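Colleague: What follows is a single structure, and I will ask about it in a moment.
Residue numbers (our numbering): 69 to 295.
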């Protein structure tokens, strides 16, 4: 192969590579509460096919949305707005609404050559969660403890422990039933074991504070409504 032909082939390859990217290369930062959702992955594939760079990141959509929504965020310039409109046109689908926002969204903002694409997708339907009547928490013997008293008179006791002195890991949970006992609670475990939550004698009635009594591991620990 001659040097002239090699140069020509290299030039053709370079032009072909450039043709796969927009003239002004744009990076689209995709943020989603479900980054592995099929629609999020499909959006990334469409961007790649159209010549956009893209990155998929986990983030809750600002505002705590409960419905599906797509938002494009661009920088403060006419060119950035035009890019956002081009992206909207490419991603538009029948029945889907896409909103365009300027400059910032939540605590995110984007510079020249970058666009934000927020894809909020509701979590899949799950069994309804039982409402919690009381949520108590505390640190018992240096280990975090949380107790959820549900409205159906069941409870869930969740415990954590410190690993390597700085990492919290799950230390197991227990479930059972509770009943009111005076101004406190009587709790019964799955094996019939009983323990109690008793308020201190001088407690403020406006603040839910309890001491654990007769529990084999948590005796004397203090639990209260989290701040």
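Cβ coordinates follow ideal geometry from the N, Cα and C atoms, glycine included.
Here the structure is a predicted model, which means the values were calculated and not measured.
Measure the alpha-carbon distance for residue 250 versus residue 266 and round it to whole angstroms.
Modeller: Taking the chain shown and counting its residues from 1, one reaches residue 250 at position 182. Taking the chain shown and counting its residues from 1, one reaches residue 266 at position 198. Near 9 Å, if we compare the C-alpha coordinates of residue 266 and residue 250.
Colleague: Compute the Euclidean distance between the alpha carbons of residue 98 and residue 219, then round it to the nearest angstrom.
Modeller: Residue numbering aside, residue 98 sits at position 30 when the chain shown is read from its first letter. Residue numbering aside, residue 219 sits at position 151 when the chain shown is read from its first letter. Roughly 40 Å between the two C-alpha positions.
Colleague: Is it the case that the stretch 159–178 contacts the stretch 196–216, given that we only count it when at least three CB pairs across the two stretches are under 8 Å?
Modeller: Per the Cβ contact rule, the stretch 196–216 is not in contact with the stretch 159–178 (fewer than 3 Cβ pairs under 8 Å).
Colleague: Less than 6 Å between C-beta atoms, sequence neighbours within five positions excluded: which residues of the same chain meet that for residue 120?
Modeller: Translated into the one-based positions of the chain shown, residue 120 becomes position 52. The answer, listed in chain order, is 94, 96.
Colleague: Counting C-beta neighbours from all protein chains within 10 Å, is the total for residue 142 16 or more, i.e. buried, or is it exposed?
Modeller: The sequence position of residue 142 within the chain shown is 74, counting from 1. Classification of residue 142: buried, given that the 10 Å Cβ count is 16 or more.
Colleague: Taking 7 Å as the limit between beta carbons, can you name the residues of its chain near residue 280, skipping five residues before and five after?
Modeller: Working through the chain shown from its first residue, we reach residue 280 at position 212. These residues qualify, in order along the chain: 263, 265, 286, 287, 288, 289, 291.
Colleague: Assuming residue 236 and residue 225 make a contact with CB atoms under 8 Å, what is their CB distance in whole Å?
Modeller: The count along the chain shown starts at 1 and reaches residue 236 at position 168. The count along the chain shown starts at 1 and reaches residue 225 at position 157. Contact doesn't hold; Cβ gap of about 16 Å is too wide.
Colleague: If we ignore side chains and look at the alpha-carbon of each, how far apart do residue 160 and residue 230 end up?
Modeller: Mapped onto the chain shown, residue 160 falls at position 92. Mapped onto the chain shown, residue 230 falls at position 162. Answer to the nearest angstrom: the Cα atoms are 48 Å apart.
Colleague: So for residue 148, helix, strand or coil by DSSP?
Modeller: Here residue 148 corresponds to residue number 80 of the chain shown, with the count starting at 1. Note: residue 148 maps to helix in three-state DSSP.
Colleague: Sort out for me which residues DSSP pairs residue 276 with in a bridge.
Modeller: Here residue 276 corresponds to residue number 208 of the chain shown, with the count starting at 1. Looking at the DSSP assignment, residue 276 forms no beta bridge with any residue, so it has no partner.
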